[in-house]
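Trainee:
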Amino acid sequence: MGRKILKWWRRGSLIGVRGLEFSDRQRVVVINQFVILALMITLSYQITYLLTDFERMRPLMVVHSVTMLVLLMALWANYQRSHITAALLALGAPTLIQIPIVTYLISADSGLHIFLLSGGVLTFLVFSDRLRWLRYGLLLVSTVLFMVLDQYCKAEIAPVQLSSEQLVVMRVLNIAGFVLMLYILSYLFHGQLIQQRRRIQRQARALALLANTDDLTQLPNRRRIISEAQPNGLFKGVVAIADIDHFKGVNDRHGHAVGDAILKGVAEIMEASIRDIDTVGRWGGEEFIFLLSHSSPEEARLVLERVREQIEAYELNFQSRDYRVTISIGMAVMNQHRSFDEALRIADAALYRGKRLGRNCVVDEAVAY
Numbered sequence: 126m127g128r129k130i131l132k133w134w135r136r137g138s139l140i141g142v143r144g145l146e147f148s149d150r151q152r153v154v155v156i157n158q159f160v161i162l163a164l165m166i167t168l169s170y171q172i173t174y175l176l177t178d179f180e181r182m183r184p185l186m187v188v189h190s191v192t193m194l195v196l197l198m199a200l201w202a203n204y205q206r207s208h209i210t211a212a213l214l215a216l217g218a219p220t221l222i223q224i225p226i227v228t229y230l231i232s233a234d235s236g237l238h239i240f241l242l243s244g245g246v247l248t249f250l251v252f253s254d255r256l257r258w259l260r261y262g263l264l265l266v267s268t269v270l271f272m273v274l275d276q277y278c279k280a281e282i283a284p285v286q287l288s289s290e291q292l293v294v295m296r297v298l299n300i301a302g303f304v305l306m307l308y309i310l311s312y313l314f315h316g317q318l319i320q321q322r323r324r325i326q327r328q329a330r331a332l333a334l335l336a337n338t339d340d341l342t343q344l345p346n347r348r349r350i351i352s353e354a355q356p357n358g359l360f361k362g363v364v365a366i367a368d369i370d371h372f373k374g375v376n377d378r379h380g381h382a383v384g385d386a387i388l389k390g391v392a393e394i395m396e397a398s399i400r401d402i403d404t405v406g407r408w409g410g411e412e413f414i415f416l417l418s419h420s421s422p423e424e425a426r427l428v429l430e431r432v433r434e435q436i437e438a439y440e441l442n443f444q445s446r447d448y449r450v451t452i453s454i455g456m457a458v459m460n461q462h463r464s465f466d467e468a469l470r471i472a473d474a475a476l477y478r479g480k481r482l483g484r485n486c487v488v489d490e491a492v493a494y
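Numbered per the numbering used here, the sequence shown spans residues 126 to 494.
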């Protein structure tokens, strides 16, 4: 039974939220949850009146019935995506109909009018900053109504006379319900804050990834490579620069679409061919950079030779044609005696030495000059 209630609660909370942005979605969920909660509380009043003193409570039951009808209209308005109308109906039904009229009928000694004080909190949950005038307007109305009802609706002149014992029981129940309502509103408000914080964190991670990732190859870009290689000199190992041989000619003869496809294919092979501890990124144009962590020159050469051989064997089929490319790689050691910029300069010199030696090779710093 509890699972069914929870299922219907969740389903009802999501009425009319499809396609909404996060902040608007949260406000609509709060409206739906408040309406469902108000319907449950009002229905419990109706059942209590029906089982205790139906004849005397008939005027109250009429008011509650009208209120329930308006609350159902609020759910329908949300379903029809008229969210501001839904919010006005949801807050207006208890604030302007149910609480004032019922309090007038049975007196403020019942404590029902205390629920008006929760309306001000709700306005901040369901109305955006763009509608702040509605927030403060409803807050003002609910506060004024509370003071008027508390001052003038006395038990002695109430149209529906209840015994003092009945009024005491109702006051206790209403105060308890008001406290419960505040807890629920606090929970909803806290939930909104958590959801917003998580959303901001997700956006921050997505932006950080976007700022540090090459759009075409999805490899780390120059910014990220530099940040990984330079902080506090923690990176130790081998830095290598790779360049696709004759890439400009490929672009000139076959077009940039083929060039882009080759870059993506080469990037995938590079990423698949290195070790888990290594990093490969796009340095710019047809150049790629490797950070081979905690590697000796011999270990690094084995990894880079494997990358070179895999790319030499790679055949790209694009637009019903086959394309082959090779790469040249220059490498240099980076340690506590050599900065990243210095290692990069030596690796770049080794790369161009490889170009002069005939391309499609891995050249270390020993033969860079």
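Even glycine gets a Cβ: it sits at the ideal position worked out from N, Cα and C.
#1: Asp368 lies in the beta strand (DSSP E); which residues open and close that run?
#2: With DSSP as the reference, label Asp178 as helix, strand or coil.
#3: Please report how far the alpha carbon of Tyr261 lies from the alpha carbon of Glu396, in whole angstroms.
#4: If you count every other CB in all the chains shown that lies within 10 Å of the CB of Val269, and 16 or more means buried, which is it?
#5: Which residues bound the alpha helix (DSSP H) around Ile544?
#6: How many angstroms separate the CA atom of Glu411 from the CA atom of Leu388?
#7: Considering only their Cβ atoms, is the gap separating Phe415 from Ala428 smaller than 9 Å?
#8: In the DSSP output, which residue or residues are listed as bridge partners for Gly409?
#9: So is Pro219 buried or exposed if we call it buried at 16+ other beta carbons inside 10 Å?
#10: If distances are taken between C-alpha atoms only, which option among Gly362, Ala386, Val363 comes closest to Phe372?
#11: Label Leu341 either buried or exposed according to how many other C-beta atoms from any shown protein chain fall within 10 Å of its C-beta, with 16 as the threshold for buried.
#12: Please name the residue in Ala163, Phe159, Ile140 whose C-alpha comes closest to that of Gln205.
#13: Closest by CA to Asn346, which one among Glu424, His238, Ala392?
#14: Give the range of the alpha helix (DSSP H) segment to which Leu341 is assigned.
#15: Check this for me: beta carbons of Asp368 and Lys480, under 9 Å apart or not?
#16: Give a yes or no on contact between the region 396-405 and the region 438-453, applying the rule of three or more CB pairs nearer than 8 Å.
#17: I'd like the span of the alpha helix (DSSP H) that includes Leu259, first residue to last.
#18: Figure out for me which residue from Leu344, Gly374, Asp489 has the closest Cα to the Cα of Arg478.
Mentor: On the basis of the supplied data:
#1: 362-369
#2: coil
#3: 58 Å
#4: exposed
#5: No information on residue 544 is available, as it lies outside the stretch 126 to 494 that the chain covers here.
#6: 7 Å
#7: Ala is not the amino acid found at residue 428; the sequence shown has Val there. Cβ distance < 9 Å, so Val428 and Phe415 count as in contact.
#8: Glu412
#9: buried
#10: Ala386
#11: exposed
#12: Ile140
#13: Ala392
#14: Unbroken run through Leu341: none, as it is neither H nor E.
#15: yes
#16: no
#17: 257-277
#18: Asp489
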